[in-house]
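Q: Numbering (the UniProt record's numbering), first residue to last: 1 to 507. Where a beta carbon is used, it is the ideal one built from N, C-alpha and C, also for glycine.
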Ligand code: HEM
Ligand SMILES: *[C@@H]1O[C@H](CO)[C@@H](O)[C@H](O)[C@H]1NC(C)=O
Ligand SMILES: *[C@@H]1O[C@H](CO)[C@@H](O)[C@H](O)[C@H]1NC(C)=O
Ligand SMILES: *[C@@H]1O[C@H](CO)[C@@H](O)[C@H](O)[C@H]1NC(C)=O
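#1: Can you tell me the Cβ-Cβ gap for residue 91 and residue 74, rounded? I've got them flagged as a contact below 8 Å.
#2: May I ask you to list the residues that DSSP assigns as paired with residue 378?
#3: Per DSSP, which one or two residues make a beta bridge with residue 116?
#4: Please report the residue range of the beta strand (DSSP E) in which residue 370 lies.
#5: Please write down, chain order preserved, every residue whose beta carbon lies under 7 Å from a heavy atom of ligand 2.
#6: By the 10 Å Cβ neighbour count, where 16 or more other Cβ atoms means buried, how is residue 165 classified, buried or exposed?
#7: Around the C-beta of residue 395, are 16 or more other C-beta atoms found within 10 angstroms, so that it is buried, or is it exposed?
#8: Classify residue 126 as helix, strand or coil using the three-state DSSP reduction.
#9: Please report the straight-line C-alpha distance between residue 84 and residue 54, rounded to a whole angstrom.
#10: Which of the three DSSP states, helix, strand or coil, is assigned to residue 510?
#11: When you compare each of 415, 167, 361 to residue 477 by their alpha carbons, which one comes out closest?
#12: Could you check what DSSP says for residue 429 in three-state terms: helix, strand or coil?
#13: Count Cβ pairs between the region 419–429 and the region 372–386 that sit closer than 8 Å; are there 3 or more?
#14: Taking 6 Å as the limit between beta carbons, can you name the residues of its chain near residue 186, skipping five residues before and five after?
#15: Check whether the region 432–450 and the region 138–146 are in contact - that is, three or more C-beta pairs closer than 8 Å.
#16: What is the rounded straight-line gap between the Cα of residue 108 and the Cα of residue 372?
#17: When burial is assigned at 16 or more other CB atoms within 10 Å of the CB, is residue 57 buried or exposed?
#18: What residue range is occupied by the uninterrupted alpha helix (DSSP H) comprising residue 498?
#19: Counting only runs that start and end within the region 23–106, where is the beta strand (DSSP E) found for 3 or more residues in a row?
#20: Specify the secondary structure class of residue 236 as computed by DSSP and reduced to three states.
#21: If we count the other Cβ atoms within 10 Å of its Cβ and call it buried at 16 or more, is residue 509 buried or exposed?
#22: Which residue wins for smallest C-alpha separation from residue 330, given the options 349, 400, 239?
#23: Let me make sure I understand the geometry here. Which of 336, 375, 338, 211 has the alpha-carbon closest to that of residue 298?
#24: Return the Cβ separation of residue 282 and residue 354 in integer angstroms, given the expectation that the two are a contact with Cβ distance under 8 Å.
#25: Can you check whether the CB of residue 286 is closer than 8 Å to the CB of residue 485?
#26: Got a sec? Which residues, its chain only, sit under 8 Å from residue 213 by beta carbon, not counting five neighbours each side?
#27: Taking a contact to mean a Cβ-Cβ separation below 8 Å, would you say residue 276 touches residue 129 in this structure?
#28: Out of 399, 376, 505, which one is the CA nearest neighbour of residue 326?
#29: What would DSSP say about residue 486, mapped onto helix, strand or coil?
#30: I'd like the list of long-range same chain contacts for residue 65, defined as Cβ closer than 6 Å, with 5 residues on each side in sequence excluded.
#31: Pick out whichever of 290, 265, 278, 481 has its Cα sitting closest to the Cα of residue 245.
#32: Could you spell out where the beta strand (DSSP E) holding residue 168 opens and where it closes?
#33: Going along the chain, which residues of its own chain have a beta-carbon closer than 8 Å to the beta-carbon of residue 257, five neighbours each way excluded?
#34: Can you round the beta-carbon distance between residue 335 and residue 351 to whole angstroms, since I take them to be within the 8 Å contact cut?
#35: Within a Cβ cutoff of 8 Å, which residues of the same chain sit near residue 308, ignoring the five residues on either side of it in sequence?
#36: State yes or no: is the C-beta of residue 345 nearer than 7 Å to some heavy atom of ligand 1?
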């Protein structure tokens, strides 16, 4: 090789090396900068690292958040979560300033996108059609829909509860899933499909399949995900569920669109499917509408079922509440012509309070207000959260703080009921099950707080009212301890397979 060529080659190599170095620095600089900024926040340090730390978090997140809550009362700190990523934990005092931030600074959808692996699970979180349909179509319709929901609750309970002429052991969580899928189905897709057990079952199973898929995808190495995630059996199963739902919905959507076009006297059905068709203005395919419905089912069914099961598991070990609740429900109905309408539900203040205390004691998650930071935020106390960070609030630790809930270790089913008795409008508004605020985060917080909570609360009250009126309820085999929650990481749920005893009340 000629000397000149060699020199040329060396020169080229040198240029390439410098370019590569610049590229690497540019690519890594933001990551480095992010890490440096994050490192300025105090860290909650357990003694473990790596896999051990991960396991410690999965086993004892509850104690960790509690300890962090006491230690960092008015400041941010970070904690390594089960994925190894740090999350920034926000105290109560800094919440009001975060609440004001717009979606392009602090994002709920981006948070869900990552935690639910939306790129592969295709959960329908793009756009605002679903929250808008719930917030602007469903919630304002609740008074009008009361008789429909109530009739569906009564017929579903008749359908799914065993006769219970004598004391009967019932796996109540499973019965509740069926009842709640059917009642929600009546409102989500209308009378045709909510009578179809295959459609309902498929929706219920979709949520479980989704959770399995998320778990399986999270186990993959990040750089292999784009290639492997779509090929996982769990992901393929999700695609089958989506297709199945679309097949179910197609004829109904088509029928409705045709009827609207051709029949001037056609009455639009009063359900979410119709509102969604209406909102999407013909722009969305059946597949898209099916995806919206599945996402709605995911947000609605198991959350509502868990809360109702939690309430009944608690009721079975606090039998002293059954009498007063039953009396309140009877009186409220008697005052409203024997039916459950919006006013009857309002008057079930003790039941509302009991559900609220159950949720305080057994919240579905340890943390709430999970958000992804898109633009760096400097808070009033001078601390800075860099863009890219994940934030959360230790909602369960807050629920356990006696400064906010006096004698917080004591279960007091009528805690909120008593706080309402001043009769002041503010006290009534503040102490309802549907209320969210800085110390009460079970339904989230701020602009993305659960829009379905008004519907869920009505539905749960109707179901519980029916069960409390019509059945005596107790633990099997004279047990007196409440079934413990199943706790994994930040999740906490009632055991799905436990039983309670039910006996029809004689009239
Ligand atoms: C007891 C039952 C339920 C619980 C405990 C619950 C809880 C939650 C929570 C914690 C959030 C996140 C809020 C935040 O981070 O600020 C949420 C969001 C949401 N929930 Fe619920 N939920 C329940 C029932 C329902 C029902 C029945 C529906 C539909 C009818 C629903 C629809 C939604 C939707 C669409 C979102 C996303 C809101 C958005 O993107 O802005 N939820 N829910
Ligand atoms: C849903 O899952 C249950 C339990 O795994 C199963 O028995 C049922 O056949 C499934 N239903 C549908 C429609 O996939
Ligand atoms: C559909 O939308 C139109 C206006 O966009 C509204 O007037 C109508 O009431 C809506 N129908 C339903 C069922 O929501
Ligand atoms: C927040 O909610 C809790 C429980 O509903 C209530 O007791 C408390 O008074 C509320 N706080 C404010 C400031 O409204």
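A: Let me lay it out:
#1: 5 Å
#2: 384
#3: Partner(s): none; residue 116 has no beta bridge.
#4: 368–373
#5: 198, 201, 202, 204, 205
#6: exposed
#7: buried
#8: coil
#9: 7 Å
#10: Since the displayed the chain opens at 1 and closes at 507, residue 510 lies outside it and no answer follows.
#11: 167
#12: helix
#13: no
#14: 152, 194
#15: no
#16: 7 Å
#17: buried
#18: Careful: residue 498 lies outside any alpha helix (DSSP H) and carries neither H nor E.
#19: 77–80, 86–89
#20: helix
#21: The chain is shown only over 1 to 507; residue 509 falls outside these bounds and no answer can be derived.
#22: 349
#23: 211
#24: So it is not a contact: roughly 45 Å between Cβ atoms.
#25: no
#26: 117, 120, 121, 232, 234, 235, 237, 238
#27: yes
#28: 505
#29: strand
#30: 366, 394, 397
#31: 290
#32: 168–170
#33: 277, 282
#34: Actually they are not in contact, since the Cβ atoms of residue 335 and residue 351 sit about 15 Å apart, beyond 8 Å.
#35: 176, 180, 460, 463, 464
#36: no
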